[in-house]
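Down below is the structure, laid out as structure tokens.
Protein chains in written order, with full-length UniProt numbering: chain A, 1 to 350; chain B, 1 to 350.
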């Protein structure tokens, strides 16, 4: 997209830093009363009254977290916001504000940043959040995006990773493994494209998994659903690094063990068929794939009737005494220890 | 420092992302009641009760904002925190929490990051703030640091850029121009070092200005002083881009003009002597140098008796009706328009 010579190109130097922020954020409207002062002063001013606030931050680096050869900038802007909101929802909080900082090399024309911010704006609209600040600077190489998200929550509603108890049910939202398989398809097509740029790939069989990779959604709806069902999870985490890695976090921080049933893990049919095509075990992908941005929670068994049959919530196991350890019960009823093989940004350096 | 082959080197890959954050932040203690939950969950949880909070963020990029050939990593960590706190103080708020994210290439051993975090920890101690979160990832090239700072303030005490009125006095804290001249000396010594690595520079005549560049301080003390003096500025901004640039911000956002008196601008003797040595006009440096992290404020004339004679506060001019424009009155009583030539990260790409 940014290589298209027919598009008009405005260099970033023409605008300068202040002009750039003003230009990119001029359409952003303020939706929350808690946003007292947004972009334009030394700091934003917020007033969440009697609520507690939650704060989370993520840094996305070109060629570590994303590859612009197949990630459209608009999707990237959207995803950069969503991955942070996911952490807010994992606290059972409502996301209200974000700051967005970018460092960008001069190889990006203004129009590319406009695309990126269009994605940020779309996410802000859909998730009902205010963009309250940020920083824009140059980088000597690629694109770096830093997002900090802020949410609000009543003190009694906040859910930590540390509250799971033995016998609590382990519940996952949606389905998992799709984002990772979407990435595998995109990487394969990139290699094909290098060899034969004329090749027109047929991506129809992969639409769901590619969308899960390029344009994930955060489970704002689940926070609302839990409130409606009157279920407060005992612990919760979002699935960014993979089911096994997140389950281990819950166990370690709650001082419990876990048994996960392989046959309960929710997989989309496209994940299963693509795993077959790539000759990969789908359970391995579900456990270790990452970037699902689903929520993994534990709930008291007493709450089971409230969630039973809800298509958004799947019970995949239960928590045990710590001494029992952390295990996967396979379809063949084998007991396999769960170990973290989650995506590690420190080991993925290009 | 990081080139020293005799130091032990631990590769970042050995620790991985989770191990790295835990390792780097394990000594960080929590000082504020408002920090309900710090590092270790999906998000930090804060409770500032009835106070408003302020939020500000900055992104520092290697070879754009800092040059590791002469900036020690410990100082860099310290400075990365301080520049953000400066924005919090510019709102007349108390800084309480920060998040710190870093992207770093594998050329940095663990020991280098420990140095960086030692500087962050020192700043957190001195400024009494909690480090509540962050993200650690790899970069394909240099070091990137993203800091978000949070502060709290009583609703009635918050000071914006927009409240200045005609006839208000323009007041600056400390002295200005030193950080920029410190940078000039460091850049010159770097060039000398390239030609003759054996050369031992005598930096004694430049200790103050080099410290202002490498290890600036934010004016937390001024927020306390103003409270003690019972002075609430009508507008305030911190000086990061240069006096002229910040004065223009105050004027534009307050819809007023300004007259600044050249002979009132506070300069350290080292700035004056170094400017003479470099054959640069010291007023130009004071107006456009930047990175001073002093506070520039406007106060009502009624408050003048309260600040009179205070060595921390210098009246350098006064605000006018907008139509009068923005001017510097030179020592020769010439009236010169003030224009922004502040440091522009978008134009400084290496």
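Virtual Cβ for every residue (Gly too), placed ideally from N, Cα, C.
Residue 73 (chain A) and residue 164 (chain A) have their alpha carbons spaced roughly 39 Å apart. With 16 or more other Cβ atoms inside 10 Å of its own Cβ, residue 25 (chain A) counts as buried.
Between residue 340 (chain A) and residue 244 (chain A) a beta carbon distance of about 6 Å is seen, short of the 8 Å cut, so the two are scored as contacting.
Of all C-beta pairs linking the region 37 to 55 of chain A to the region 53 to 60 of chain B, three or more are shorter than 8 Å, placing the two stretches in contact. Nothing from the region 218 to 229 of chain B brings a Cβ to less than 9 Å from some Cβ of chain A. For residue 79 (chain B), the enclosing alpha helix (DSSP H) has its first and last residue at 73 to 89.
For the region 124 to 150 of chain B, the set of positions with a beta-carbon nearer than 9 Å to some beta-carbon of chain A reads 132, 133, 134, 135, 136, 137, 138, 139, 140, 141, 142, 144, 146, 148, 149, 150 in chain order. Classified as exposed, residue 221 (chain A) has fewer than 16 neighbouring CB atoms from the shown chains inside 10 Å of its CB.
When C-beta distances to chain B are compared with 7 Å, every residue of the region 292 to 314 of chain A stays at or above that value. Scanning the region 231 to 281 of chain A from its first residue to its last, the whole beta strand (DSSP E) runs of 3-plus residues come out as 235 to 238, 256 to 261. DSSP places residue 309 (chain A) outside any beta strand (DSSP E), giving it a letter other than H or E. Contact between the region 119 to 133 of chain A and the region 246 to 259 of chain A is absent: fewer than three C-beta pairs spanning the two stretches fall below 8 Å.
The criterion of a C-beta distance shorter than 7 Å is satisfied by residue 149 (chain B) and residue 84 (chain B).
Going by C-alpha positions, residue 88 (chain B) is about 36 Å away from residue 333 (chain B). Taking a Cβ-Cβ threshold of 7 Å, none of the residues of chain B is close to residue 25 (chain A); the smallest such distance is about 14 Å.
In the DSSP annotation of this structure, the continuous segment of the alpha helix (DSSP H) that includes residue 122 (chain B) starts and ends at 110 to 126. Residue 35 (chain A) is bridged by DSSP to A:46. By the criterion of at least three beta-carbon pairs nearer than 8 Å, the region 300 to 308 of chain A is not in contact with the region 199 to 214 of chain A. Rounded to whole angstroms, the Cβ separation of residue 294 (chain B) and residue 173 (chain B) is 5 Å, and the two are in contact under 8 Å.
In this structure residue 236 (chain B) does not touch residue 153 (chain B) by the C-beta definition: roughly 12 Å separates them, more than the 8 Å allowed. Along the region 53 to 69 of chain A, the positions whose C-beta sits under 9 Å from a C-beta of chain B are 53, 54, 55, 56, 57, 58, 59, 60, 61, 62, 63, 64, 65, read in chain order.
Residues of chain B with a Cβ closer than 8 Å to the Cβ of residue 156 (chain A) do not exist; the shortest Cβ-Cβ separation is about 12 Å. Per DSSP, residue 221 (chain A) has no beta bridge partner at all. In terms of CA proximity to residue 284 (chain B), B:330 leads the group B:21, B:65, B:330, B:82.
Residue contact check for residue 284 (chain B) against chain A: no CB pair falls below 7 Å. Only residues of its own chain outside the window of five on either side were considered, and among them 89, 173, 295 have a CB closer than 6 Å to the CB of residue 219 (chain A), listed in chain order. The beta carbons of residue 289 (chain A) and residue 242 (chain A) sit closer together than 7 Å. Within chain A, the residues 42 have their CB atoms less than 7 Å from the CB of residue 237 (chain B), given in chain order.
Rounded to the nearest whole angstrom, the C-alpha separation of residue 62 (chain A) and residue 140 (chain B) is 8 Å.
Residues of chain B with a Cβ closer than 8 Å to the Cβ of residue 170 (chain A) do not exist, since the nearest Cβ in that chain sits about 17 Å away.
Ranked by Cα distance from residue 267 (chain B), the options B:21, B:66, B:138, B:176 are led by B:176. The Cβ atoms of residue 135 (chain A) and residue 101 (chain A) lie closer than 7 Å to each other.
Rounded to whole angstroms, residue 322 (chain A) and residue 251 (chain A) show a C-alpha spacing of 8 Å. Unbroken alpha helix (DSSP H) stretches of 4 residues or longer found wholly inside the region 121 to 162 of chain B: none. At a beta-carbon threshold of 8 Å, the residues of chain A lying near residue 88 (chain B) are 42, 43, ordered along the chain. Of the residues A:21, A:262, A:130, A:156, the one whose Cα lies closest to the Cα of residue 233 (chain A) is A:156.
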